[in-house]
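There are 2 protein chains.
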Amino acid sequence: MKLSQLDTPVLLVDEAAFLRNMQRMQDIAMAAGIAYRPHAKAHKSAEIAKMQLDAGACGVCCAKLGEAEVLVSNEINDILITTPVIGISKLTRLMQITNKAKISVVVDNSDNVAEMAAVAQTCGVKPDVVIEVDVGQGRCGVVPGDAALDLVREVAATEWLNFKGLQGYQGSIQMLIPFSERDAAARRAVGILTETAEMIRKVGIPVDYLTGGGSGTTLTDATAKGLTELQPGGYLFMDSRYREVEWDDGNPIPFEQSLTLLASVISLPEPNRCILDMGLKAISSDGGPPLPQNLPEASFKFAGEEHSELSFENGNCPLKLGDKVSFVPTHCDTTVNLYDRIIAFSGDDVVDVWNIAARGRVQ
Amino acid sequence: MKLSQLDTPVLLVDEAAFLRNMQRMQDIAMAAGIAYRPHAKAHKSAEIAKMQLDAGACGVCCAKLGEAEVLVSNEINDILITTPVIGISKLTRLMQITNKAKISVVVDNSDNVAEMAAVAQTCGVKPDVVIEVDVGQGRCGVVPGDAALDLVREVAATEWLNFKGLQGYQGSIQMLIPFSERDAAARRAVGILTETAEMIRKVGIPVDYLTGGGSGTTLTDATAKGLTELQPGGYLFMDSRYREVEWDDGNPIPFEQSLTLLASVISLPEPNRCILDMGLKAISSDGGPPLPQNLPEASFKFAGEEHSELSFENGNCPLKLGDKVSFVPTHCDTTVNLYDRIIAFSGDDVVDVWNIAARGRVQ
Numbered sequence: 002m003k004l005s006q007l008d009t010p011v012l013l014v015d016e017a018a019f020l021r022n023m024q025r026m027q028d029i030a031m032a033a034g035i036a037y038r039p040h041a042k043a044h045k046s047a048e049i050a051k052m053q054l055d056a057g058a059c060g061v062c063c064a065k066l067g068e069a070e071v072l073v074s075n076e077i078n079d080i081l082i083t084t085p086v087i088g089i090s091k092l093t094r095l096m097q098i099t100n101k102a103k104i105s106v107v108v109d110n111s112d113n114v115a116e117m118a119a120v121a122q123t124c125g126v127k128p129d130v131v132i133e134v135d136v137g138q139g140r141c142g143v144v145p146g147d148a149a150l151d152l153v154r155e156v157a158a159t160e161w162l163n164f165k166g167l168q169g170y171q172g173s174i175q176m177l178i179p180f181s182e183r184d185a186a187a188r189r190a191v192g193i194l195t196e197t198a199e200m201i202r203k204v205g206i207p208v209d210y211l212t213g214g215g216s217g218t219t220l221t222d223a224t225a226k227g228l229t230e231l232q233p234g235g236y237l238f239m240d241s242r243y244r245e246v247e248w249d250d251g252n253p254i255p256f257e258q259s260l261t262l263l264a265s266v267i268s269l270p271e272p273n274r275c276i277l278d279m280g281l282k283a284i285s286s287d288g289g290p291p292l293p294q295n296l297p298e299a300s301f302k303f304a305g306e307e308h309s310e311l312s313f314e315n316g317n318c319p320l321k322l323g324d325k326v327s328f329v330p331t332h333c334d335t336t337v338n339l340y341d342r343i344i345a346f347s348g349d350d351v352v353d354v355w356n357i358a359a360r361g362r363v364q
Numbered sequence: 002m003k004l005s006q007l008d009t010p011v012l013l014v015d016e017a018a019f020l021r022n023m024q025r026m027q028d029i030a031m032a033a034g035i036a037y038r039p040h041a042k043a044h045k046s047a048e049i050a051k052m053q054l055d056a057g058a059c060g061v062c063c064a065k066l067g068e069a070e071v072l073v074s075n076e077i078n079d080i081l082i083t084t085p086v087i088g089i090s091k092l093t094r095l096m097q098i099t100n101k102a103k104i105s106v107v108v109d110n111s112d113n114v115a116e117m118a119a120v121a122q123t124c125g126v127k128p129d130v131v132i133e134v135d136v137g138q139g140r141c142g143v144v145p146g147d148a149a150l151d152l153v154r155e156v157a158a159t160e161w162l163n164f165k166g167l168q169g170y171q172g173s174i175q176m177l178i179p180f181s182e183r184d185a186a187a188r189r190a191v192g193i194l195t196e197t198a199e200m201i202r203k204v205g206i207p208v209d210y211l212t213g214g215g216s217g218t219t220l221t222d223a224t225a226k227g228l229t230e231l232q233p234g235g236y237l238f239m240d241s242r243y244r245e246v247e248w249d250d251g252n253p254i255p256f257e258q259s260l261t262l263l264a265s266v267i268s269l270p271e272p273n274r275c276i277l278d279m280g281l282k283a284i285s286s287d288g289g290p291p292l293p294q295n296l297p298e299a300s301f302k303f304a305g306e307e308h309s310e311l312s313f314e315n316g317n318c319p320l321k322l323g324d325k326v327s328f329v330p331t332h333c334d335t336t337v338n339l340y341d342r343i344i345a346f347s348g349d350d351v352v353d354v355w356n357i358a359a360r361g362r363v364q
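These protein sequence lines are chains B and H, in that order.
Sequential numbering of the first sequence, starting at 2, is according to this note's numbering.
Sequential numbering of the second sequence, starting at 2, is according to this note's numbering.
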């Protein structure tokens, strides 16, 4: 099947660029002698998770329990859930998948630890628990230092939980420019995590698992000496926003924009503008409006949930009815979450279809 | 089952408010002696479409062919597709459902008319065609007057297409304040459509179908003498943004906010703030950030795809781990499109589950 035969809007991935991204992350991790556990929240696909494991990943991360359930049912067997799992209902679900696969989960709250231990005992399973430390993002996570140590002591003292290590993720710096500032902030984050680990070791509790990092700080995360595992997600697809973000050598980040959204012209109301079949339901807007590829003279605007408009100032619209226009999403994670499948292509040919089996699994 | 037993984030609808909204639209249409064909793009659910038909609707609208396919396969038998359907592949799909149900489709382009007629002839079916006229929105639609007349002549002269009438939708005024301006703009839109219809009638082509209107202009649309059919969508759920939009008597629009998103506290990193399990994948942001219900002192911000934060200035966060917080979406259409089902509740009880079967059907 040819790309030109696909109905639109359709979510596409350039398979070669995608595979190069996968290999580059493996190369970076190998060179640094560090494990990597890519974040499946970016793709929510069992097929892609399997490709990442085949490429050398030690497991995957999931943001939500519901994602992990879908991946476990598709034979992904080593998963870290990077968001706290709260309440008896979800904790019971957690124990159910812990019976079937190697599951770790983050915690940052003492009440959650107590409830998790009680549910674990009831279910007769012992999950691996990772303490989330706030390394600068100001979102979830226990305060580094004494508070973290107190929570580690609680977990380590709990018969039905297995203390595995620490997580520290600094998401807010992933696109920080210039590189020097991003690099310094990522080193601070790794430093906070390693200092907290050292403090814990001093009281006799072994800590040999420190997980964290993101696609924009991968190089720093991999080489800053501290993390034992990287958890990048966006590197496979790369938001268009990463275009401005440079690597240490001043070049762009060496992961390519592999994901595109293909839309069609469905109306030509005036000579200088056209309407596309791609609105707010077809590509996410939370990272800003997307830009059309190969149409530098076009201005884009959303025109509701089902439409968008390209206008051409001082000129005529060069597009005909039915013509295709492609866009790189400004935010791939939230765009992927709108679709049930991704079409992989090579040149003009469709080469594969990957199901986004965990799409919408927000619980 | 009780609401408190549901895992979060979960999409809820207050069934009583929802049913009152449904009845109010029926009452408005009845009082005006006009048909209504609610827009299924708002809910994408066959169950809800059936309820609307049972309440008195003459059929439903769909924004996309893919939505219509899902509804036809769920025994919804009268559908207007309100966006142009372009290209041989989609036109063939259109003829397939036209074989099974009463399908109308809008057109605004001569090339599309010619291609549709060719595909219709090949498939041996004769779809109903509605000319979309731009009544002020500046999106799709043929220019009113001569251009519209020319396109109507083409359709009417085409053996394999059945000219049904005109569509004019002015989406950009639905939340216009004050009422007087919204009312005047809606009357202009209806006026443009009726003048174009009159022009067409003068050349001997009957026009007895004029469809258009929206939830924010329903009262004007129903009484402005011109439309034969209303096509409101949002009235069932009502975006929170409609709260500021008043009716002609100075009171709020008489449709209630029935849709809510229930989220849970999953982290309490500091005394003055908490983190919820609801991020950009769980509620849409294109209409602005949502506000928590019953927490006037809280400031909301998104904290990524999976999290959001409530902060309490000069005070302590009153919420505990696992506490539930509900939100009215600023934009219901794009929020519904993130979910596979809506839970209907009454008081504390879950009373029904409606599948969003056409979720993600953007093609």
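Cβ coordinates follow ideal geometry from the N, Cα and C atoms, glycine included.
- Residue environment analysis places Q171 (chain B) among the buried positions, since at least 16 neighbouring C-beta atoms fall within 10 angstroms of its C-beta.
- In the DSSP assignment, L12 (chain B) forms a beta bridge with B:L262.
- Of all C-beta pairs linking the region 175-183 of chain B to the region 141-157 of chain B, fewer than three are shorter than 8 Å, placing the two stretches out of contact.
- The criterion of a C-beta distance shorter than 7 Å is satisfied by I193 (chain B) and P145 (chain B).
- One Cα belongs to V208 (chain B), the other to M200 (chain B), and the distance between them is close to 10 Å.
- The Cβ of Q364 (chain B) sits closer than 7 Å to at least one Cβ of chain H.
- Sequence-ordered contacts of the region 82-112 of chain H with chain B read T84, P85, I87, G88, S90, K91, D109, N110, D112 [C-beta pairs closer than 7 Å].
- Here the region 48-57 of chain H makes contact with the region 18-31 of chain H; the two share three or more CB pairs at distances below 8 Å.
- Ranking H:S111, H:F19, H:T219, H:L231 by CA distance to the CA of L237 (chain H) puts H:F19 first.
- Taking all protein chains shown into account, T93 (chain H) has fewer than 16 neighbouring C-beta atoms within 10 Å of its C-beta and is therefore exposed.
- Residue pairing by DSSP puts D129 (chain B) in a beta bridge opposite B:S105, B:N163.
- A residue is called buried when at least 16 other Cβ atoms come within 10 angstroms of its Cβ; V61 (chain H) meets this threshold and is buried.
- Across the structure, I284 (chain H) and T335 (chain B) are spaced so that their CA atoms are roughly 11 Å apart.
- R189 (chain H) has a beta carbon lying at 7 Å or more from every beta carbon in chain B.
- In the DSSP assignment, V352 (chain H) falls within the beta strand (DSSP E) that extends over 350-356.
- Counting C-beta pairs closer than 8 Å gives three or more between the region 66-78 of chain H and the region 87-104 of chain H, which meets the contact rule.
- Here G137 (chain H) has Q171, S173, I174, A186, R189, A190, I193 as same chain residues with Cβ atoms under 8 Å from its own Cβ, once five neighbours each way along the sequence are excluded.
- Annotation for T159 (chain B): A118 place their beta carbon closer than 6 Å to its own, counting only its chain and skipping 5 residues before and after.
- The straight-line gap separating the alpha-carbon atoms of G323 (chain H) and G289 (chain H) is approximately 25 Å.
- Between I29 (chain H) and F256 (chain H), the alpha-carbon positions lie close to 12 Å from each other.
- The way I'd put it, the region 300-308 of chain H doesn't touch the region 240-260 of chain H; fewer than three beta-carbon pairs between them come closer than 8 Å.
- Within the region 230-259 of chain H, no residue has a Cβ lying closer than 9 Å to any Cβ of chain B.
- Chain-ordered, the chain H residues with CB closer than 8 Å to the CB of S265 (chain B) read I87, G88.
- The three-state reading of DSSP puts Q168 (chain B) in strand, counting E and B together.
- F180 (chain H): member of the alpha helix (DSSP H) spanning 180-203, first to last residue.
- Among the CB atoms of chain H, one or more fall inside 7 Å of the CB of R140 (chain B).
- Its chain contains K65, G67 as the residues whose beta carbon lies nearer than 8 Å to that of V363 (chain B), once the 5 sequence neighbours on both sides are disregarded; these appear in chain order.
- Setting aside the 5 residues that flank it on each side, V156 (chain H) is surrounded in the same chain by V108, V114, V130, I132, L162, F164, each with a C-beta closer than 8 Å to its C-beta; the list follows chain order.
- D79 (chain H): not part of any alpha helix (DSSP H); member of the beta strand (DSSP E) spanning 79-82, first to last residue.
- Here A225 (chain H) is buried: its Cβ has 16 or more other Cβ atoms, across all protein chains shown, within 10 Å.
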